[in-house]
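Using the numbering used here, you'd call the opening residue of the sequence shown number 76 and step up by one each time. Ideal placement from N, C-alpha and C gives every residue a C-beta, glycine not left out. Report on the following structure.
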Amino acid sequence: MKTVKFIIFLVGIALVNYVGGIPTDARNLFISHTIFLAPLLVDFYGLLKVQSLLKWFIILIWLAGILTIVSNILGVAGVLTLVEKKVVFNSQYYMPFDLSVHVHSYLLIVSCVYTFIFMGTITFDNIFALNKKIMKKQKKKTGREEMVTNVHPR
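And the structure:
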């Protein structure tokens, strides 16, 4: 995972140099969003291996992150664009459905996804680390109780 993070970091630096500061057009907006979301998704990926009832919630957050990163990549490629403060499909591409989301709504949705991924990574990592400690303590305790019950009185 560290290699993937390093590659994302290098690509991010190259893209930041391409953007050159605050995004002023649609492509730069999508590039900067991709730079910030990719490392968060890499950190969140480790949570998909957890065996817990929370796995369904983790999968939903992961899918929202994947959809967001796909929309950002489509924006970088020029398939999604901004027209009159709305995020729409570029008219040069054929799409089976129309997309017309106000840019403020799009940014709000994307910000919520970023927040869920960031807070989910912190929260779930701590919950599962704490759960492992509790399970170890319970295992030690039950092991001691089994030893006591298996010892015969003299």
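*So, helix, strand or coil for residue 199, using DSSP?*
Secondary structure of residue 199 (DSSP, three-state): helix.
*Do residue 189 and residue 111 come within 9 Å of each other at the CB atom, strictly closer than that value?*
Yes, they are a contact pair.
*Residue span of the beta strand (DSSP E) that contains residue 164, given as start and end*: First-last of the beta strand (DSSP E) with residue 164: 161-164.
*Nearest CA to the CA of residue 129: which residue from 164, 202 and 181?*
Here the closest residue by C-alpha is 202.
*Helix, strand or coil: which one does DSSP assign to residue 151?*
Residue state, collapsed to three classes: helix.
*Look at the alpha carbon of residue 158 and the alpha carbon of residue 191, and state the distance between them as a whole number of angstroms.*
Here the alpha carbon of residue 158 sits roughly 28 Å from the alpha carbon of residue 191.
*With 16 other CB atoms within 10 Å as the buried threshold, where does residue 198 fall?*
So residue 198 ends up on the exposed side.
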